[in-house]
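Note that the sequence shown covers residues 7 to 165 in our numbering.
Quick reminder that beta carbons are idealized off the backbone N, C-alpha and C, glycines included.
In this text the structure is predicted, and so the values were computed from the model without any measurement.
Below is one structure; the comments refer to it alone.
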Amino acid sequence: MFSISKTYKILFVVNILILSTVYYIEYGMGVYACNLCKYQRIPYFLNLIILTFLIFDKVKFLKFLYVLILSISINILISFYHVGIEQKIFSETEVCSIKKNTNNTSDLLKQLEKQGMSGCSKVTFRLFGLSLSTLNLLTNLSFLIVYAYILRNEQKQKN
Numbered sequence: 007m008f009s010i011s012k013t014y015k016i017l018f019v020v021n022i023l024i025l026s027t028v029y030y031i032e033y034g035m036g037v038y039a040c041n042l043c044k045y046q047r048i049p050y051f052l053n054l055i056i057l058t059f060l061i062f063d064k065v066k067f068l069k070f071l072y073v074l075i076l077s078i079s080i081n082i083l084i085s086f087y088h089v090g091i092e093q094k095i096f097s098e099t100e101v102c103s104i105k106k107n108t109n110n111t112s113d114l115l116k117q118l119e120k121q122g123m124s125g126c127s128k129v130t131f132r133l134f135g136l137s138l139s140t141l142n143l144l145t146n147l148s149f150l151i152v153y154a155y156i157l158r159n160e161q162k163q164k165n
């Protein structure tokens, strides 16, 4: 039987695992993460907060499900754009580029060390042959399907 409460708990754990994995890849393995990679993490934190409310009281916080779907949709757009940059469909924007307003070479060196040698187009890590932004896009599309299914079931039960 389909248990929405159990599904929320599973989704909560999956979100934590995803965040833990990307932070391990970045800091534990020393793999460069561009700005778009970091922006794609923000919706996961929001989703964890919303899922916490839904786990404790799904009836009272059911409207948060719409915010969750919006958060997932925003993450899909960011990751789609990121994949497009990686595939050279879109050009890199200022979000990905190094700021050119450095005053001297030491400032530029510090910025390069902080930001890494590549922008958003260079894939520095692959898992199952896919970039992390591609995996993020696929994961969020899956999340969107799950949340749409939950929303549909909740609306059926309400009527």
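Short Cβ contact (7 Å threshold) for residue i with residue j
i: Ser127; j: Ile91; result: yes
i: Val101; j: Asn21; result: no
i: Thr130; j: Tyr38; result: yes
i: Ser85; j: Ser9; result: no
i: Gly78; j: Leu150; result: It is worth fixing the name first, because residue 78 is Ile in this sequence and not Gly. Cβ distance < 7 Å, so Ile78 and Leu150 count as in contact.
i: Glu98; j: Gly125; result: yes
DSSP-derived helix/strand/coil call for residue i
i: Arg47; result: coil
i: Leu74; result: helix
i: Leu68; result: coil
i: Ser79; result: helix
i: Ser137; result: strand
Boundaries of the alpha helix (DSSP H) in which residue i is found, first to last residue
i: Ala39; result: Element bounds for Ala39: n/a, residue is neither H nor E.
i: Tyr29; result: Ile10 to Tyr29
Own chain, CB closer than 6 Å to residue i, minus 5 neighbours either side, in chain order
i: Tyr14; result: Leu57, Leu60 and Ile61
Cα-Cα separation between residue i and residue j, rounded to whole angstroms
i: Leu71; j: Tyr153; result: 8 Å
i: Gly36; j: Phe96; result: 27 Å
i: Leu143; j: Arg47; result: 12 Å
i: Val89; j: Lys64; result: 34 Å
i: Leu74; j: Tyr87; result: 20 Å
i: Leu136; j: Asn146; result: 15 Å
i: Leu52; j: Gln93; result: 28 Å
i: Ser11; j: Leu68; result: 12 Å
i: Leu133; j: Thr27; result: 11 Å
i: Ile16; j: Leu83; result: 24 Å
i: Arg158; j: Lys66; result: 17 Å
i: Lys164; j: Phe18; result: 24 Å
i: Glu32; j: Ser148; result: 24 Å
i: Lys162; j: Leu76; result: 21 Å
Residues near residue i in its chain [Cβ-Cβ closer than 8 Å; skip 5 each side]
i: Tyr50; result: Asn21, Ile24, Leu25 and Asn81
Neighbourhood of residue i by C-beta, 7 Å cutoff - its chain only, sequence neighbours within 5 removed
i: Tyr45; result: Ile84
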